[in-house]
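What follows is a single structure, written as structure tokens, with notes after it.
Protein chains in written order, with our numbering: chain A, 1 to 200; chain L, 1 to 480.
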């Protein structure tokens with residue numbers, strides 16, 4: 001897993017205002033044959049980003065030069081379906097550092113946090129407002145403050161607190177890694193096995 | 001003592017440590033791995049120069065990225081071949097048992113785990129695959145994880161996991177003829193949407209569940225993830241114990257007899273509190289089919305496509321985009337719509353009972369000329385059993401070719417892809433855009449509906465075929 005340190009992120013946004021964007025859309029299965037974590041960004045949203053002839057689809061937002069930035073503003077129920085962590089690697093590899101939605105699928109949320117990609121849950125109303133603002137003005141900037149757990153639209157001052165597991169927050173702020181933490185517990189795990197495990 | 005749910009009983013007995021205001025450190029009894037989501041986890045171990053902590057508790061198979069024809073030959077696609085070889089190398093290096101390609105026990109991870117006796121009641125089970133929820137049919141906490149978590153389990157046999165909320169779904173009532181467990185779960189998902197159970201772990205209860213065989217229960221638990229649930233489980237009962245007792249061997253306990261008394265305790269206490277309770281009448285369920293691009297977009301096969309999402313007066317742009325992808329319109333009838341492909345297989349419907357059900361309809365008939373069929377057993381064992389029971393012969397006589405086991409067209413990582421714009425009635429679990437190949441249009445359904453459609457070449461209600469055969473002895477599909 002990746003060690004990533006996060007604190008404050010200020011950026012323009014890339015809007016993707018569709019509901020139920022599943023991980024097959026984020027990275028189709030035919031691009032999952034790699035055995036490293038790198039390079040998946042090239043095929044992020046592959047079948048929306050390119051036409052069936054392999055040309056760039058000019059109507060898709062990633063091909064619109066007006067929209068750039070480190071924050072992907074998604075729709076409700078983002079990241080549903082397959083548990084493939086490749087979806088998070090692809091989003092991160094492309095250059096995004098946060099995804100904003102009103103609702104994320106559980107496994108995607110865990111995978112994102114394990115790779116330093118911040119999943120920010122905001123209200124349906126604020127999400128709609130943000131989409132409208134970004135659509136009208138691609139220069140709309142947002143600020144994410146992990147320490148304070150605040151998400152702010154800078155042009156309007158709209159701001160709300162977002163939730164994050166305190167343990168995960170600490171890990172991200174300090175660049176700590178779950179595996180180091182678990183490895184430090186090995187003797188506790190062994191004694192648990194000796195006393196409790198159902199498996200013999 | 002406070003009454004507890006079955007989920008709580010299993011979870012709490014596997015917590016090594018609770019982190020204050022954080023996730024639990026959860027001990028994992030059984031870890032399944034496959035070629036696609038494990039290589040990066042092994043890379044992580046190598047970078048840290050650490051071993052697999054408990055190699056005996058991990059079991060590997062190659063299933064997602066393998067061909068379903070000529071498996072004895074080297075895999076044609078170089079990247080796929082490399083990925084399958086990496087799994088073999090990693091298993092050898094770290095001492096993990098592998099039922100790889102051409103091994104007599106090879107198959108889809110969620111098919112072989114149960115059939116080979118590696119999935120047992122009361123276990124915590126994880127795999128880098130969202131359909132790990134399948135194993136919940138045995139009264140386990142089983143759920144899909146990401147590759148970082150696969151690495152955690154390999155390194156420490158534990159993962160950090162926030163405890164989900166609990167939901168109980170009760171299904172009472174008799175199922176009608178032609179209605180299978182696939183229809184039950186598709187019905188529930190269509191009622192509560194593809195995200196209706198996000199954040200929850202589901203326990204399925206009620207007479208309609210109790211009456212199901214183990215294989216039919218696996219289909220239910222398998223699709224828990226399609227309504228967003230972390231997983232789904234069913235308390236073990238005589239059906240469960242009967243299934244386990246018949247297995248040639250079980251792994252992870254001393255013996256069937258020594259465990260039986262413990263397993264019998266795996267029940268939710270009376271008066272235990274769930275965070276959410278849903279109840280459905282199983283007798284109102286008809287054969288189901290999906291019309292859109294997420295599993296929540298499902299309806300009874302003889303219904304019309306709705307004009308908008310449930311609870312929405314006007315169709316959203318996402319809803320219309322989805323129908324547009326499918327080439328459908330709101331209010332349209334699907335019965336009789338031409339179909340190009342039929343796929344039976346996957347961890348949802350790739351077990352012997354599924355192939356028996358399909359055979360029940362195609363026996364003595366011929367495949368429609370416009371249909372290309374992909375008939376893919378879930379494991380070598382299922383493949384052998386199909387031959388032994390004469391099913392393969394029925395399929396061949398009806399013009400179908402039975403392939404070799406694998407995940408195949410469910411996710412189309414291999415060459416089993418549905419072409420651009422073509423319609424496939426599929427017994428798999430996901431109808432996402434491009435799931436079965438770029439531009440492919442998937443309609444999820446039961447093996448019975450897939451069989452009826454394969455014979456007529458059009459979307460067909462399986463009950464049409466079952467009425468004529470009401471005295472046939474294997475019309476008991478989905479019941480124990």
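Beta carbons: idealized from backbone N, C-alpha and C, even for Gly.
>> Suppose only complete runs of 4+ residues qualify. What are the alpha helix (DSSP H) ranges in the region 254-300 of chain L, listed by chain order?
In response: Here the runs fully enclosed are 256-264.
> What does residue 241/L touch in chain A if you count any residue whose Cβ is under 8 angstroms from its own?
Replying inline: Simply none; closest approach about 16 angstroms.
>> Taking its Cβ as the centre, do 16 or more other Cβ atoms sit within 10 Å of residue 109/A, making it buried, or is it exposed?
In response: By the Cβ neighbour-count rule, residue 109/A is buried, with 16 or more other Cβ atoms within 10 Å of its own.
>> Please classify residue 131/A as buried or exposed, where buried requires at least 16 other C-beta atoms within 10 Å of its C-beta.
In response: Residue 131/A is buried by the Cβ-count criterion.
> Who does residue 161/L pair with in a DSSP beta bridge?
Replying inline: Residue pairing of residue 161/L in beta bridges, as defined by DSSP: 24/L.
> What does residue 417/L pair with, by DSSP beta-bridge criteria?
Replying inline: Per the DSSP secondary-structure output, residue 417/L pairs with nothing in a beta bridge.
> Around the C-beta of residue 367/L, are 16 or more other C-beta atoms found within 10 angstroms, so that it is buried, or is it exposed?
Replying inline: By the neighbour-count rule (16 or more Cβ atoms within 10 Å), residue 367/L is buried.
> Cα separation between residue 146/A and residue 166/A?
Replying inline: Near 11 angstroms, if we compare the C-alpha coordinates of residue 166/A and residue 146/A.
> According to the neighbour-count rule (16 or more other Cβ atoms, all chains shown, within 10 Å of its Cβ), is residue 95/L buried or exposed?
Replying inline: Classification for residue 95/L: exposed.
>> Output needed in chain order: residues of the region 29-53 of chain L with a Cβ under 8 angstroms from some Cβ in chain A.
In response: Near chain A, meaning a CB-to-CB distance below 8 angstroms, the residues of the region 29-53 of chain L are 29, 30, 36, 37, 39, 40, 43, 44, 48, 50, 53.
>> Buried or exposed for residue 51/A, going by 16 or more other Cβ atoms inside 10 Å?
In response: It is exposed - the Cβ of residue 51/A has fewer than 16 other Cβ atoms within 10 Å.
> Hey, is residue 33/A's beta-carbon within less than 8 angstroms of any beta-carbon in chain L?
Replying inline: Yes, residue 33/A counts as interfacial toward chain L.
> Taking 8 angstroms as the CB-CB cut-off, is residue 411/L touching chain A?
Replying inline: With 8 angstroms as the cut-off, residue 411/L counts as an interface residue toward chain A.
> For the region 213-255 of chain L, which segments carrying the beta strand (DSSP E) assignment without a break, of at least 3 residues, lie completely within its bounds, in sequence order?
Replying inline: With a minimum length of 3 residues, the unbroken runs of beta strand (DSSP E) contained wholly in the region 213-255 of chain L fall at 231-233.
> Any beta-carbon of chain L closer than 8 angstroms to the one on residue 160/A?
Replying inline: Taking Cβ atoms only, chain L never reaches closer than 8 angstroms to residue 160/A, which makes this a no.
> Taking Cβ-Cβ distances shorter than 9 angstroms, what residues in chain A pair up with residue 341/L?
Replying inline: One finds nothing in chain A with a Cβ atom closer than 9 angstroms to the Cβ of residue 341/L; even the nearest lies about 17 angstroms away.
> Quick one: what does DSSP say residue 101/L is sitting in, helix, strand or coil?
Replying inline: Here DSSP, grouped into helix, strand and coil, assigns residue 101/L to coil.
>> Using the three-state DSSP reduction, which class does residue 137/A fall into: helix, strand or coil?
In response: Three-state DSSP puts residue 137/A in coil, outside helix and strand.
>> Check whether the region 6-13 of chain A and the region 177-196 of chain A touch, using three or more Cβ-Cβ pairs below 8 angstroms as the test.
In response: The region 6-13 of chain A, when compared against the region 177-196 of chain A, does not touch it at the 8 angstroms Cβ threshold.
> What did DSSP end up calling residue 82/A once you bin it into helix, strand or coil?
Replying inline: Residue 82/A: coil per DSSP, three-state reduction.
>> Please list, in chain order, the chain A residues whose beta carbon lies closer than 7 angstroms to that of residue 185/L.
In response: Taking a Cβ-Cβ threshold of 7 angstroms, none of the residues of chain A is close to residue 185/L; the smallest such distance is about 16 angstroms.
> For residue 200/A, which of helix, strand or coil comes out of DSSP?
Replying inline: Note that residue 200/A scores 35 on pLDDT, short of 50, meaning its location in the model is unreliable and no value can be drawn from it.
> Taking a cut of 8 angstroms between CB atoms, which residues from the region 109-139 of chain A lie near chain L?
Replying inline: Closer than 8 angstroms at the C-beta level to chain L, one finds these residues of the region 109-139 of chain A: 110, 111, 114, 115.
> By Cβ distance below 6 angstroms, which residues in the same chain neighbour residue 344/L in space, the five residues on each side in sequence not counted?
Replying inline: Contacts found: 358, 375, 427, 447, 450.
> Candidates 384/L, 326/L, 341/L: which alpha carbon is nearest residue 352/L's?
Replying inline: Sorting 384/L, 326/L, 341/L by C-alpha distance to the C-alpha of residue 352/L places 384/L at the top.
> What is the rounded straight-line gap between the Cα of residue 38/L and the Cα of residue 463/L?
Replying inline: Taking the straight line from one Cα to the other gives about 43 angstroms.
> Is it right to say residue 51/L is buried, meaning 16 or more other beta carbons lie within 10 angstroms of its own, or is it exposed?
Replying inline: Here residue 51/L is exposed, its C-beta having fewer than 16 other C-beta atoms within 10 Å.
> Along the region 153-177 of chain A, what residues have a CB closer than 7 angstroms to any CB found in chain L?
Replying inline: Hits within the stretch, in order: 165, 166, 167.
>> Below 8 angstroms on the Cβ atoms is my contact criterion, and I expect residue 370/L with residue 340/L to pass it. Report the Cβ-Cβ distance as a whole number of Å.
In response: Confirmed, about 7 angstroms.
> Can you tell which of 93/L, 64/L, 91/L has its C-alpha closest to the C-alpha of residue 79/L?
Replying inline: Ranking 93/L, 64/L, 91/L by Cα distance to residue 79/L puts 64/L first.
> Given that a residue counts as buried once 16 or more other Cβ atoms are within 10 Å of its Cβ, and exposed if not, what is residue 41/L?
Replying inline: So residue 41/L counts as buried.
> Hey, is residue 102/A's beta-carbon within less than 8 angstroms of any beta-carbon in chain L?
Replying inline: Cβ-Cβ to chain L under 8 angstroms: no for residue 102/A.
> Three-state secondary structure (DSSP) at residue 112/L?
Replying inline: Helix, per DSSP.
> Whose Cβ in chain A lies nearer than 7 angstroms to the Cβ of residue 361/L?
Replying inline: Contact of residue 361/L with chain A by beta-carbon distance below 7 angstroms is absent, the smallest such distance being about 30 angstroms.
> Which residues, taken in chain order from the region 11-30 of chain A, show a beta carbon closer than 7 angstroms to some beta carbon of chain L?
Replying inline: Going along the region 11-30 of chain A in chain order, one finds 18, 19, 20, 22, 24, 25, 28, 29, 30 with a Cβ nearer than 7 angstroms to chain L.
> Do the region 68-75 of chain L and the region 403-412 of chain L touch if we need at least three Cβ pairs shorter than 8 angstroms?
Replying inline: In the pairwise beta carbon analysis, the region 68-75 of chain L is classified as touching the region 403-412 of chain L: at least three pairs are separated by under 8 angstroms.
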